[in-house]
Amino acid sequence: MSITPQEALTRCIEHREIFHDEMLHLMRQIMQAQVSPVMAAAILTGLRVKKETIGEISAAAQVMREFANKVPLPADVARGNFVDIVGTGGDGSHTFNISTASMFVVAAAGARIAKHGNRGVSSKSGSADVLEALGVNILLTPEQVGECIEQTGIGFMFAPTHHPAMKNVAAIRKEMGVRTIFNILGPLTNPAGAPNILMGVFHPDLVGIQVRVMQRLGAEHALVVYGKDGMDEVSLGAATMVGELKDGQVREYEIHPEDFGLNMISNRGLKVADALESKAMLMEALGNVAGTPREIVSLNAGTALYAANVASSIEDGIARAREAIASGAAREKLDQFVRATQQFQ
């Protein structure tokens, strides 16, 4: 069912939903620059003001997946213990790249991971920025990313390479300068199709929304988290809200650092000014240097190992993450990944 941009805008103004098939049609038009910049900006604003629904987000994510350059993988690699660890960003915490550091721990502990990321927008250092600082070649083709996943258990998908249609809305988003539906679509559109995910979100309302979107999109095991101190990660400084999809069922609950024998520590010490500071903190964590960076990476990597079904619980995941760090396996996994990406220079 089609809908004109003007009808869609009227729906938003009247706080009425744009239905699934209508949203598919509308998003395809926007992604192909068939909607004028003025109308596209008006619709994006209207959706934000009325609040995007689970159905609208699901349909929009479906279209972004359609337009993505996908990573080709053998069926046995693309299933099982294959996970994404990603944050929406926009939490304003300016911490080091916790999920990027966790990626190496997760792979060292036996999962395969396909991380989808970009340069910093709201943060001081995006995942792409810190990986470049570490010597990673981020400009790989989808086929080369697939080779890296098969060789090392890790793939990094630089968003502009995999979502070329996003260039049609890039100027609109930049000029608007506010969050839109696209900020919450990125984490839902992994080009390698990882069936499991640990996703951090920037607002408590998104916990229940995003986990149900993942359910509609066919995810297997998903954990959507929001630290109550404002972090889009599992937090050491506060309780963390969790929405979990497992065996087709969604449940929502809270976890606390002390549930896992961890001390509650403020995240203030995790703030960085740029990619080089983020790299230094990441290397501390992977180098098994005692401190908050190592603790928060163990917590988040442990949660991702549970999402990947490598660990039977978050607690089991944390123990496995600690072992991967203490043994040097996580640091070695970083070096292995850098070498694998550099072979494509």
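Going by the numbering used here, the first residue of the sequence shown is number 1, and it counts up by one from there. Every residue gets a Cβ at the ideal spot worked out from N, C-alpha and C, and that includes glycine.
- Relative to the Cα of residue 182, the nearest Cα in the group 55, 60, 206, 306 belongs to 60.
- Beta-bridge annotation (DSSP): residue 244 is paired with 223, 251.
- The alpha carbon of residue 63 has as its nearest neighbour, out of 189, 223, 336, 296, the alpha carbon of 189.
- Comparing C-alpha distances from residue 209 to each of 242, 3, 236 shows the shortest one belongs to 242.
- Closest option to residue 324, judged by alpha-carbon separation, among 126, 266, 110: 110.
- Contact annotation: residue 65 and residue 180 have beta-carbon atoms that are not nearer than 7 Å.
- Closest option to residue 273, judged by alpha-carbon separation, among 96, 89, 24: 96.
- For residue 84, no alpha helix (DSSP H) run applies; the uninterrupted beta strand (DSSP E) run containing it begins and ends at 82-87, by DSSP.
- C-alpha of residue 17 to C-alpha of residue 280: approximately 46 Å in a straight line.
- Ranked by Cα distance from residue 58, the options 211, 223, 39 are led by 211.
- In this structure, the beta-carbon distance from residue 233 to residue 200 falls below 7 Å.
- Closest option to residue 286, judged by alpha-carbon separation, among 329, 320, 319: 329.
- Here residue 88 is buried, its C-beta having at least 16 other C-beta atoms within 10 Å.
- In terms of Cα proximity to residue 117, the closest of 135, 223, 161 is 161.
- Residue 36 sits away from residue 304, with the two beta carbons spaced by 7 Å or more.
- When the Cα atoms are used, residue 39 and residue 207 turn out to be separated by approximately 29 Å.
- Within the DSSP secondary-structure output, residue 116 pairs in a beta bridge with 157.
- By the neighbour-count definition (other C-beta atoms within 10 Å, threshold 16), residue 171 is an exposed residue.
- In this structure, the alpha-carbon of residue 174 lies about 15 Å from that of residue 30.
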